[in-house]
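Going by my numbering, the first residue of the sequence shown is number 22, and it counts up by one from there. Okay, structure first, notes after.
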Amino acid sequence: MIAIILSLLAAASNALASVLQRRATVAAPEADAFKPSLILDLLRQPLWLGGVGALIAAFLLQAAALSMAGLALVQPLLAAELPFTMIIIAWLPPRGLRRVPWAGVAALTAGLAGFLVAAAPSGGKGVPGTGEWIVATAATVGCAAVLVTVAWPMRGPFRGVLLGVTTSLGFALTAAFMRTATRAFSDGVVAVVTSWELYAMAAAGVTSLFLLQNALQSGTLVAVQPALTVTDPVASILLGVGLFGEHLRTGGWIAMEAVGIVLVALGSVLITRSPLLHGERAVTPARRG
22 MIAIILSLLA
32 AASNALASVL
42 QRRATVAAPE
52 ADAFKPSLIL
62 DLLRQPLWLG
72 GVGALIAAFL
82 LQAAALSMAG
92 LALVQPLLAA
102 ELPFTMIIIA
112 WLPPRGLRRV
122 PWAGVAALTA
132 GLAGFLVAAA
142 PSGGKGVPGT
152 GEWIVATAAT
162 VGCAAVLVTV
172 AWPMRGPFRG
182 VLLGVTTSLG
192 FALTAAFMRT
202 ATRAFSDGVV
212 AVVTSWELYA
222 MAAAGVTSLF
232 LLQNALQSGT
242 LVAVQPALTV
252 TDPVASILLG
262 VGLFGEHLRT
272 GGWIAMEAVG
282 IVLVALGSVL
292 ITRSPLLHGE
302 RAVTPARRG
């Protein structure tokens with residue numbers, strides 16, 4: 022239960038980070054895309070720094086959750102980020118909570134809860150072997166490289182979606198490294214500091230953060246947020262099963278799991294069609310210049 026609460030708090034912090042960072046990155050020059058100058062420009066914006074603070078809080082909450090539970094439980098709960106994003110945007114003036122697409126929020130929440138109840142993620146070994154890490158890392162990095170290559174010449178929402186998916190792959194791999202690193206705390210601080218997973222986690226996390234800024238700069242929350250919300254849990258479940266041997270229930274439960282996934286997808290579509298998010302798209306260009 023504690024891991025579930027921590028995961029939901031992490032989702033809320035991620036949602037706040039996305040909203041604040043999107044409002045900051047939209048003003049960044051298009052020429053800064055994929056360049057360190059993008060980060061240098063954003064460092065001068067209080068909104069972006071507030072988003073980084075929220076992202077750090079989410080990182081710590083996620084690490085605490087992963088120290089108690091597996092990827093297949095913690096990461097799908099982060100899909101709650103999308104409803105939290107809607108509510109945060111609705112709280113910002115001049116909007117109101119009455120405009121939140123509650124049907125979409127309810128569908129996504131019910132689907133997420135139904136999937137987790139049916140799948141009942143459990144088990145998992147302590148530390149993957151070297152060969153398993155190599156395969157998982159190579160597969161993730163390879164997919165990310167292909168997506169970035171395709172996104173590079175593009176402009177606008179399509180680039181945002183592709184980079185959103187790429188970012189989620191990076192954050193899923195970061196979470197896998199994080200799970201091993203946090204479990205090392207039981208052996209003492211020295212074991213954590215000397216573990217290679219800690220530094221791999223830092224490298225994957227920083228790279229994913231850079232990709233996230235480019236995704237938010239390229240596309241609106243309408244395009245980017247669903248890609249972030251849906252891809253991360255899927256990739257994390259695959260890593261949890263492949264790397265840590267986590268178990269999901271099969272047999273007759275698969276039908277309920279499928280219904281849960283369909284509801285999550287339906288809820289995501291309903292949410293992204295909300296005037297609130299389209300209002301974000303309409304407002305943000307005025308902030309340029």
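We treat Cβ as the ideally placed atom computed from N, Cα and C, and that holds for glycine.
task: Indicate whether L269 and P142 have their beta-carbon atoms separated by less than 9 Å.
output: yes
The alpha helix (DSSP H) enclosing M107, as first and last residue numbers: E102 to W112
task: Quickly, what does DSSP pair D143 with across the bridge? List them, please.
output: In the sequence as presented, Asp is not what sits at residue 143; that position holds Ser. H268.
- prompt: Given that a residue counts as buried once 16 or more other Cβ atoms are within 10 Å of its Cβ, and exposed if not, what is A31?
  reply: buried
- prompt: Which of helix, strand or coil does DSSP assign to A90?
  reply: coil
query: Using the beta-carbon count (16 or more within 10 Å), is G209 buried or exposed?
result: exposed
Of the residues F192, E218 and L194, the one placed nearest R204, counting alpha carbons only: E218
field: Three-state secondary structure (DSSP) of S216
entry: coil
- prompt: Whose C-beta lies closer than 8 Å to the C-beta of S34 among residues of the same chain, with five residues either side of it excluded?
  reply: A75, L76, A78, A79 and L82
task: Starting from the Cα of L230, find the closest Cα among G263, I25, M199 and F192 and give me that residue.
output: F192
query: Can you name the start and end residues of the alpha helix (DSSP H) that M199 belongs to?
result: P178 to R204
Simplified DSSP assignment, three categories, for V40: helix
- prompt: If we call anything under 9 Å between Cβ atoms a contact, is G181 one with A236?
  reply: yes
field: Helix, strand or coil at P97 [DSSP, three-state]
entry: helix
Cβ pair E347, G71 closer than 9 Å: Residue 347 falls outside the range modelled here, since the chain spans only 22 to 310, and no answer is possible.
- request: Let me know the secondary structure DSSP gives V167 once reduced to three states.
  value: helix
message: Quick check on L251: buried or exposed, where buried means 16 or more other Cβ atoms within 10 Å of its Cβ?
response: Reading the sequence as shown, one finds Val at residue 251 and not Leu. By the neighbour-count rule (16 or more Cβ atoms within 10 Å), V251 is buried.
- prompt: Going by other Cβ atoms of all chains shown within 10 Å of its Cβ, with 16 needed for buried, is P57 buried or exposed?
  reply: exposed
query: Is the number of C-beta pairs between the region 125–140 and the region 166–181 that are closer than 8 Å three or more?
result: no
message: For A85 and L98, what's the separation of their Cα atoms in angstroms?
response: 14 Å
Three-way DSSP call (helix, strand, coil) for P254 in this model: helix
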